[in-house]
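> Residue numbers (this note's numbering), protein chains in the order written: chain P, 406 to 639; chain W, 406 to 639; chain X, 406 to 639; chain R, 406 to 639.
Protein chains: 4
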Amino acid sequence: MSTPLHNELRKEFQLERLILFSDAVFAIAITLLVIEIKVPDKELLKHNGGISDAAIVDSLGHLIPKFIGFIISFMFIGLYWTIHHRMFGFVTSYNRKLLVLNLVFLFFIALMPFSTGFYSEYSGRELFEKQLKIPFTFYVLNFCCLGFMNYFMWRYISNPKNKLAEPAIDPLTVKIARIRSIVVPFIFLLALPVAYFSNILYAVFIPMLIPITMRILMRVVKKRYSPKNKPFQS
Amino acid sequence: MSTPLHNELRKEFQLERLILFSDAVFAIAITLLVIEIKVPDKELLKHNGGISDAAIVDSLGHLIPKFIGFIISFMFIGLYWTIHHRMFGFVTSYNRKLLVLNLVFLFFIALMPFSTGFYSEYSGRELFEKQLKIPFTFYVLNFCCLGFMNYFMWRYISNPKNKLAEPAIDPLTVKIARIRSIVVPFIFLLALPVAYFSNILYAVFIPMLIPITMRILMRVVKKRYSPKNKPFQS
Amino acid sequence: MSTPLHNELRKEFQLERLILFSDAVFAIAITLLVIEIKVPDKELLKHNGGISDAAIVDSLGHLIPKFIGFIISFMFIGLYWTIHHRMFGFVTSYNRKLLVLNLVFLFFIALMPFSTGFYSEYSGRELFEKQLKIPFTFYVLNFCCLGFMNYFMWRYISNPKNKLAEPAIDPLTVKIARIRSIVVPFIFLLALPVAYFSNILYAVFIPMLIPITMRILMRVVKKRYSPKNKPFQS
Amino acid sequence: MSTPLHNELRKEFQLERLILFSDAVFAIAITLLVIEIKVPDKELLKHNGGISDAAIVDSLGHLIPKFIGFIISFMFIGLYWTIHHRMFGFVTSYNRKLLVLNLVFLFFIALMPFSTGFYSEYSGRELFEKQLKIPFTFYVLNFCCLGFMNYFMWRYISNPKNKLAEPAIDPLTVKIARIRSIVVPFIFLLALPVAYFSNILYAVFIPMLIPITMRILMRVVKKRYSPKNKPFQS
Numbered sequence: 406m407s408t409p410l411h412n413e414l415r416k417e418f419q420l421e422r423l424i425l426f427s428d429a430v431f432a433i434a435i436t437l438l439v440i441e442i443k444v445p446d447k448e449l450l451k452h453n454g455g456i457s458d459a460a461i462v463d464s465l466g467h468l469i470p471k472f473i474g475f476i477i478s479f480m481f482i483g484l485y486w487t488i489h490h491r492m493f494g495f496v497t498s499y500n501r502k503l504l505v506l507n508l509v510f511l512f513f514i515a516l517m518p519f520s521t522g523f524y525s526e527y528s529g530r531e532l533f534e535k536q537l538k539i540p541f542t543f544y545v546l547n548f549c550c551l552g553f554m555n556y557f558m559w560r561y562i563s564n565p566k567n568k569l570a571e572p573a574i575d576p577l578t579v580k581i582a583r584i585r586s587i588v589v590p591f592i593f594l595l596a597l598p599v600a601y602f603s604n605i606l607y608a609v610f611i612p613m614l615i616p617i618t619m620r621i622l623m624r625v626v627k628k629r630y631s632p633k634n635k636p637f638q639s
Numbered sequence: 406m407s408t409p410l411h412n413e414l415r416k417e418f419q420l421e422r423l424i425l426f427s428d429a430v431f432a433i434a435i436t437l438l439v440i441e442i443k444v445p446d447k448e449l450l451k452h453n454g455g456i457s458d459a460a461i462v463d464s465l466g467h468l469i470p471k472f473i474g475f476i477i478s479f480m481f482i483g484l485y486w487t488i489h490h491r492m493f494g495f496v497t498s499y500n501r502k503l504l505v506l507n508l509v510f511l512f513f514i515a516l517m518p519f520s521t522g523f524y525s526e527y528s529g530r531e532l533f534e535k536q537l538k539i540p541f542t543f544y545v546l547n548f549c550c551l552g553f554m555n556y557f558m559w560r561y562i563s564n565p566k567n568k569l570a571e572p573a574i575d576p577l578t579v580k581i582a583r584i585r586s587i588v589v590p591f592i593f594l595l596a597l598p599v600a601y602f603s604n605i606l607y608a609v610f611i612p613m614l615i616p617i618t619m620r621i622l623m624r625v626v627k628k629r630y631s632p633k634n635k636p637f638q639s
Numbered sequence: 406m407s408t409p410l411h412n413e414l415r416k417e418f419q420l421e422r423l424i425l426f427s428d429a430v431f432a433i434a435i436t437l438l439v440i441e442i443k444v445p446d447k448e449l450l451k452h453n454g455g456i457s458d459a460a461i462v463d464s465l466g467h468l469i470p471k472f473i474g475f476i477i478s479f480m481f482i483g484l485y486w487t488i489h490h491r492m493f494g495f496v497t498s499y500n501r502k503l504l505v506l507n508l509v510f511l512f513f514i515a516l517m518p519f520s521t522g523f524y525s526e527y528s529g530r531e532l533f534e535k536q537l538k539i540p541f542t543f544y545v546l547n548f549c550c551l552g553f554m555n556y557f558m559w560r561y562i563s564n565p566k567n568k569l570a571e572p573a574i575d576p577l578t579v580k581i582a583r584i585r586s587i588v589v590p591f592i593f594l595l596a597l598p599v600a601y602f603s604n605i606l607y608a609v610f611i612p613m614l615i616p617i618t619m620r621i622l623m624r625v626v627k628k629r630y631s632p633k634n635k636p637f638q639s
Numbered sequence: 406m407s408t409p410l411h412n413e414l415r416k417e418f419q420l421e422r423l424i425l426f427s428d429a430v431f432a433i434a435i436t437l438l439v440i441e442i443k444v445p446d447k448e449l450l451k452h453n454g455g456i457s458d459a460a461i462v463d464s465l466g467h468l469i470p471k472f473i474g475f476i477i478s479f480m481f482i483g484l485y486w487t488i489h490h491r492m493f494g495f496v497t498s499y500n501r502k503l504l505v506l507n508l509v510f511l512f513f514i515a516l517m518p519f520s521t522g523f524y525s526e527y528s529g530r531e532l533f534e535k536q537l538k539i540p541f542t543f544y545v546l547n548f549c550c551l552g553f554m555n556y557f558m559w560r561y562i563s564n565p566k567n568k569l570a571e572p573a574i575d576p577l578t579v580k581i582a583r584i585r586s587i588v589v590p591f592i593f594l595l596a597l598p599v600a601y602f603s604n605i606l607y608a609v610f611i612p613m614l615i616p617i618t619m620r621i622l623m624r625v626v627k628k629r630y631s632p633k634n635k636p637f638q639s
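1. Which bits of chain P does R/I592 rub up against, with CB to CB less than 8 Å?
2. For a contact defined as C-beta to C-beta under 9 Å, what are the partners of R/V439 on chain A?
3. Closest to P/F475 by C-alpha separation, out of P/F557, P/F523, P/E448 and P/Q536, would be which residue?
4. Tell whether a beta-carbon distance below 8 Å holds between R/I488 and P/A515.
5. Three or more C-beta pairs closer than 8 Å, one from the stretch 502-518 of chain R and one from the stretch 542-560 of chain R: is that the case here?
6. Which residues mark the beginning and the end of the alpha helix (DSSP H) in which P/Y561 is found?
7. Can you list the residues of chain R that P/P540 reaches, using a CB-CB cut of under 7 Å?
8. Quick one: which chain W residues come within Cβ less than 9 Å of X/G522?
9. Applying a beta-carbon distance threshold of less than 8 Å, which residues of chain R neighbour X/T578?
10. Within 8 Å, do at least three Cβ pairs link the stretch 467-481 of chain W to the stretch 523-533 of chain W?
11. What's the C-alpha gap between W/P540 and P/I482?
12. For R/F431, go through chain P and note every residue whose CB falls closer than 7 Å to its CB, in chain order.
13. Roughly how many angstroms lie between the CA atoms of W/S457 and X/K535, to the nearest whole one?
14. With a 10 Å radius around its C-beta and 16 neighbouring C-beta atoms as the bar for buried, classify W/R501 as buried or exposed.
15. Hey, out of W/L595, W/M517, W/H490 and W/G454, whose CA is closest to W/I477's CA?
16. Can the beta-carbon of P/T542 be found less than 8 Å from the beta-carbon of P/L597?
17. I need the DSSP call for X/P612, collapsed to helix, strand or coil.
18. May I have the straight-line CA-CA distance separating X/R650 from X/V589, to the nearest angstrom?
19. Kindly list, in the order they appear in chain P, the residues whose Cβ is closer than 8 Å to that of R/S457.
20. Following the continuous alpha helix (DSSP H) through W/D463, name the residue where it begins and the one where it ends.
21. Going along chain X, which residues have a C-beta under 9 Å from W/W486?
22. Could you name the residues of the same chain whose beta carbon sits closer than 8 Å to that of R/I461, not counting the 5 residues immediately before and after it, in chain order?
23. Do three or more CB pairs link the stretch 621-628 of chain X to the stretch 575-586 of chain X at distances below 8 Å?
24. Would you call the stretch 546-554 of chain P and the stretch 564-580 of chain P touching, i.e. three or more CB-CB distances under 8 Å?
25. May I ask you to report which of helix, strand or coil DSSP gives R/P518?
26. Establish whether the CB of P/E531 and some CB of chain R are separated by less than 8 Å.
27. Going along chain W in order, which residues have a C-beta closer than 7 Å to the C-beta of X/E526?
28. Can you tell me whether DSSP reads X/S498 as helix, strand or coil?
29. Note down, in chain order, each residue of its chain lying with its Cβ closer than 6 Å to the Cβ of R/L606, except the 5 sequence neighbours on either side.
30. Suppose the cutoff is 8 Å on Cβ atoms and the five residues either side in sequence are ignored; what does the same chain contact list for R/L537 look like?
31. Flag W/F512 as yes if its beta-carbon sits less than 8 Å from any beta-carbon of chain P, otherwise no.
32. What does X/F418 reach in chain W if we use C-beta pairs closer than 9 Å?
33. Round the Cβ separation of X/F593 and X/G552 to the nearest angstrom and send it over; I've been treating them as touching at under 8 Å.
34. Quick one: is R/H490 buried, meaning 16 or more other Cβ sit within 10 Å of its Cβ, or exposed?
35. Does W/F479 have its Cβ less than 8 Å from a Cβ in chain X?
36. Quick check: the Cα distance between W/S464 and X/F519, rounded to an integer number of angstroms?
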């Protein structure tokens, strides 16, 4: 059973294993997010005036920032999973360096439940009243690292010299994907000076610029590399 | 290695990856359910009159609502897994929108350990004595969202225009599956007015109507679309 | 792409998905076991005379029953995984009932971290001094349910009428596997009367009878069905 | 569907299942590591002088040893995953003993979140001030067991008698892999006498010798088994 086809299948399985291991880490991190949201404690409610729907609603109210954090992080981990999914759709081989890059990327995925829990613990009213910057900074930096690692992986995979994606990926696809992957962490980074030098209230909404910037960028990119310009291009 | 067969296999693997990622989220959520059930605390028992079988049985008694919640949620997550399993058995391709729909669906699966923990924390004697509606509402709404997302996904997948399931699924199968998937969340929704305007004691048993309604519906459906009527139908 | 081979592959993938979902539950349950073992609390040590190696060793000493419980449960979940692995090695098809049987089986796997945590919380010196029967009973019953579900699944799969394993499994293999799978829960059950009517100290060692009984049984079975008897047999 | 190819595929799938189960345990253990790092408690900060960025930074400061532990363990679990990945890349068959060896190996992987939590709980200033040896010993021994199990598995797989890797692995590859796998736990073991007879401060840095020793060793090995010596060798 050591024919070339068999070896080819074996190598493909090794690559699949790398991908499925990554998927498992994604799946666990995305599901663990909810663990940081603690159910309102019955004993505590009993002590503070008794259990009632009003008291429970009140406790749930305090959990709203946690839910928001949960939803945002779920969305972004999901987004990075789809990107990872798309990116490794091109990969046909792997080497030790890709393994390491992928592990570092997964490290920041695994850190997300902590970052989310930390930020959302302090993202209630206090965040704005006391202009708490540390938890927000931690959260934003986690996303930045994720974004930069994603960019580095994309650059490494799409580099034809590394022979990880064969046949070579279409250069335009590479260009667009690189721009997209670098824009996300930069916009996140932008939130930090806003938080430190202006008001954290504005900083919180900076990530919303991501989809808008993306659209504008994509329109610009498409215009520049549209079919009629293409002959001049390559 | 870039033959059409290879590309076909690659695309199929990408789809498998989407499915296995979903399975991992299902598996983690279903196994995390038990984390919300805390072992009776030895130190607490020591303080409250000493450790004895009687005291432990008493503590376990307080955990009964948690076990019921655990069993119900395990059953429903398991059920939705089998539905997901069956549904994606038809899928032969995917697109960005299916990825997003699936992620939103998984979001409500990942929320289940919290909802279950929340509902079962307050589903002991207090539930009926104080007619607590909030935890029950939360739990029911989680199931509703799950059910509606399942319905939307089924509708999206079975729509021949989207070319996600080829050859097109048999229209009768589609019809039955759509009805089944929309009935579940509606019956859950029904529990809410019962809880709010009547007694929560009755509301708790509403979900038991699901299997009964299903059977009646399936009988009606089968009668209408039975072979002898089929010529008139299509 | 709807050739018979394709459909065959698709069906096979559906079966694989069932198996990999089970594997994920096994893997999560086996890894969550350790979560019940809490690291000795630094703050607590500080209050009780200060942090020192002696104090930490003392705290670790209290964790010994937890480690024993962890090791035993790890071993048994691992064992049941290998059995599940072997059993589904014969399966070539599946139906709704196998899905349900497998889910119920997985339910008792998912319950293991709780049972283990519960039993090992009370399996220190108190277990013997106070003859605590409840946590031990819970633990034993969890294993029994696991064992019986395993037996039922095995019986269902190996029954040629259900057409789940084709070609039909060798009758001798079926017989041996059935005996093996039913012996384990029965020996566990045996531990309960010993615990209740004799001393729990003896009951704890009953499971050790499993490997011994297995060997004797296998010798008897092999003698009866040895090649020279075989002609008379079938 | 019971052709030799089908059986071959089936057996291969059984082996894949073993590998994917291992991957799931790796993925869960690596992601659970972060669970031991608790978010700075808001209520606690409120009592100790109020919530402020300074107070949060202070709390985060106390978490630094935890983060270091998290990073180190993440790195090593990742490393052992890549080794496991590489090792099973050679495996073409399996038997009961390999299953057991692999389970014992996974046991020590599953124990990592506890060991890491335990060591990093006491690896702050106290570690050096009070020369706490127990948590460090526990952590080091966990790595040693991991390393030795890895060595035993590698020896078992690479032994041509066991027919687990066919065609037989190149003897030089085997030799190098064996040396590499045995050096890691030995260097970890070395940290223990340093901790007990000298100062734990030095012991903590012993694992850093691993990459250096590896390089020197590899250079020696390559010299001895270089092409020009090869004829004399075999």
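Cβ coordinates follow ideal geometry from the N, Cα and C atoms, glycine included.
On the basis of the coordinates in this document:
1. The residue you call residue 592 of chain R lines up with position 187 of the fourth sequence. By Cβ distance, chain P contributes nothing, its closest Cβ being about 21 Å from R/I592, past 8 Å.
2. The displayed structure is made up of protein chains P, W, X and R, and chain A is not among them.
3. The residue labelled residue 475 of chain P in the question sits at position 70 within the first sequence. It is P/F523.
4. Here residue 488 of chain R refers to the residue found at position 83 of the fourth sequence. Here residue 515 of chain P refers to the residue found at position 110 of the first sequence. At the C-beta level, R/I488 and P/A515 stay beyond 8 Å of one another.
5. Contact annotation: the stretch 502-518 of chain R touches the stretch 542-560 of chain R, with at least three C-beta pairs closer than 8 Å.
6. For this step, residue 561 of chain P is matched to residue 156 along the first sequence. Residues I539 to S563.
7. In the first sequence, counting from the first residue as 1, residue 540 of chain P sits at position 135. In chain order, I461 make up the part of chain R whose C-beta sits under 7 Å from the C-beta of P/P540.
8. Counting from one through the third sequence, the residue named residue 522 of chain X turns up at place 117. Within 9 Å Cβ-Cβ: K443 and V444.
9. Numbered from 1 along the third sequence, position 173 holds the residue referred to as residue 578 of chain X. Within 8 Å Cβ-Cβ: nothing; X/T578 doesn't reach chain R, min ~15 Å.
10. Note that the stretch 523-533 of chain W touches the stretch 467-481 of chain W; at least 3 beta-carbon pairs, one per stretch, sit closer than 8 Å.
11. In the second sequence, the residue the question calls residue 540 of chain W occupies position 135. In the first sequence, the residue the question calls residue 482 of chain P occupies position 77. Roughly 28 Å separates the two Cα atoms.
12. Indexing the fourth sequence from 1 puts residue 431 of chain R at position 26. Within 7 Å Cβ-Cβ: F426.
13. Residue mapping note: residue 457 of chain W aligns to position 52 of the second sequence, counting from 1. Residue mapping note: residue 535 of chain X aligns to position 130 of the third sequence, counting from 1. If I take the Cα positions, the gap works out to 7 Å.
14. If you number the second sequence from 1, residue 501 of chain W lands on position 96. Answer is exposed; the Cβ neighbour count stays below 16.
15. Within the second sequence, numbered from 1, the residue matching residue 477 of chain W stands at position 72. Among W/L595, W/M517, W/H490 and W/G454, the Cα nearest to that of W/I477 is on W/M517.
16. Here residue 542 of chain P refers to the residue found at position 137 of the first sequence. Here residue 597 of chain P refers to the residue found at position 192 of the first sequence. A contact, by the Cβ cut-off of 8 Å.
17. Looking up residue 612 of chain X in the third sequence gives position 207. Collapsing the DSSP output to three states places X/P612 in a helix.
18. Outside the modelled stretch of chain X, which goes from 406 to 639, sits residue 650 of chain X, for which no answer is possible.
19. Here residue 457 of chain R corresponds to residue number 52 of the fourth sequence, with the count starting at 1. Near R/S457 (Cβ distances below 8 Å), the residues of chain P are K535 and L537.
20. The residue you call residue 463 of chain W lines up with position 58 of the second sequence. Bounds of the alpha helix (DSSP H) holding W/D463 are D458 to F493.
21. The residue labelled residue 486 of chain W in the question sits at position 81 within the second sequence. Counting only Cβ-Cβ distances below 9 Å, W/W486 has contacts in chain X at F426, L504 and L508, in chain order.
22. If you number the fourth sequence from 1, residue 461 of chain R lands on position 56. The answer, listed in chain order, is P445 and L450.
23. Output reads yes: the stretch 575-586 of chain X touches the stretch 621-628 of chain X.
24. Verdict: no, contact absent.
25. Position 113 of the fourth sequence, counted from the first residue, corresponds to residue 518 of chain R. Collapsing the DSSP output to three states places R/P518 in a helix.
26. One-based indexing of the first sequence puts residue 531 of chain P at position 126. Chain R contact via Cβ: present.
27. As a working note, residue 526 of chain X is residue 121 in the third sequence. Contact annotation for X/E526 against chain W: V444 and K447 [CB-CB distance below 7 Å, chain order].
28. On the third sequence, position 93 is the one that residue 498 of chain X refers to. Coil.
29. One-based indexing of the fourth sequence puts residue 606 of chain R at position 201. Hits under 6 Å: F533.
30. Within the fourth sequence, numbered from 1, the residue matching residue 537 of chain R stands at position 132. Excluding positions up to five away in sequence, the list reads Y527, E531 and I605.
31. Taking the first residue of the second sequence as 1, we reach residue 512 of chain W at position 107. Yes, W/F512 counts as interfacial toward chain P.
32. One-based indexing of the third sequence puts residue 418 of chain X at position 13. Neighbours of X/F418 across chain W, judged by C-beta separation under 9 Å: E417, E421, I424 and G494.
33. Here residue 593 of chain X refers to the residue found at position 188 when the third sequence is read from its first residue. Here residue 552 of chain X refers to the residue found at position 147 when the third sequence is read from its first residue. Indeed they touch by this definition, with Cβ atoms about 7 Å apart.
34. Mapped onto the fourth sequence, residue 490 of chain R falls at position 85. Buried, by the Cβ-count rule.
35. The residue labelled residue 479 of chain W in the question sits at position 74 within the second sequence. Chain X contact via Cβ: present.
36. On the second sequence, residue 464 of chain W is found 59 positions in, with the first residue counted as 1. On the third sequence, residue 519 of chain X is found 114 positions in, with the first residue counted as 1. Their backbone Cα atoms lie some 14 Å apart in a straight line.
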